Amino acid sequence: MKRIIRVRGGRADVVADDCRLFEAGAPADVDARHIVPVALWRQWRACGGLPPAYAGVWIGAADDFDDVAEALVALPLLAVDFPSFRDGRGYSVAYLLRSRYGYTGELRAVGDVLRDQLFYMHRCGFDAFDVRAGKDIHDALLGLATYTVRYQGAVDDPVPLFRKRSADSSNPDGEH
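Mapped onto our numbering, the consecutive letters of the sequence shown carry residue numbers -10 to 165.
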């Protein structure tokens, strides 16, 4: 069984996962729950039914999902594809899902996911990471603790560091 990194309650762990990305033309794994492309999910939804082994939806970097965002945010699992390490569109997708659409389910980064990205992905709202095949998942886990100070605001902490420091300096006794 495949393993992913999952963050729950502020703690990151390597866990077993039976979900598989459903890709056109690939043989279906009958023992896996499938994460289906948003285009296929739209078709199934229009026909009035989803297959029993369906676990969630994956959104490609170039996919437009605004018209179905309300339905997507009701799902327990959304995956966002990173087709390349250099492609940052998935960060924006995650930020929009969490901040604009209020998504609270599992948000999983899939595709070319590497250790160097995990800290920033988590800041944008990802709480699960399917690390690229061939990479050591335990080494990648260390990427979540790369930095201890966060200057900019993000999904995980919207107040930027300078605002925190100015609030602390205006109250030297530490009372709020």
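Note that CB positions come from ideal geometry on N, CA and C, so glycine has one too.
Everything numeric in this text was worked out from a predicted model, so none of it was measured.
As computed with DSSP, Cys8 is found in a beta bridge with Arg22. Under the Cβ criterion (8 Å, minimum of three pairs), the region 32 to 43 does not count as touching the region 76 to 84.
Contact between Asp116 and Arg(-5) holds, with the beta-carbon distance rounding to 7 Å and staying under 8 Å. At least 8 Å separates the beta-carbon of Phe74 from that of Arg97. The Cβ-Cβ distance between Trp33 and Val46 does not fall below 8 Å. If you draw a 10 Å sphere on the C-beta of Ala51, you find fewer than 16 other C-beta atoms in it, and that means exposed. If you compare the alpha carbons of Ala134, Ala63 and Arg(-3) with that of Phe108, the shortest gap goes to Ala134. Cβ-Cβ distances below 7 Å link Asp76 to Ala50 in the same chain, with the five nearest sequence neighbours on each side left out; the list follows chain order.
Gly100 places its beta carbon less than 8 Å from that of Phe71.
The Cβ atoms of Gly94 and Leu67 lie closer than 8 Å to each other.
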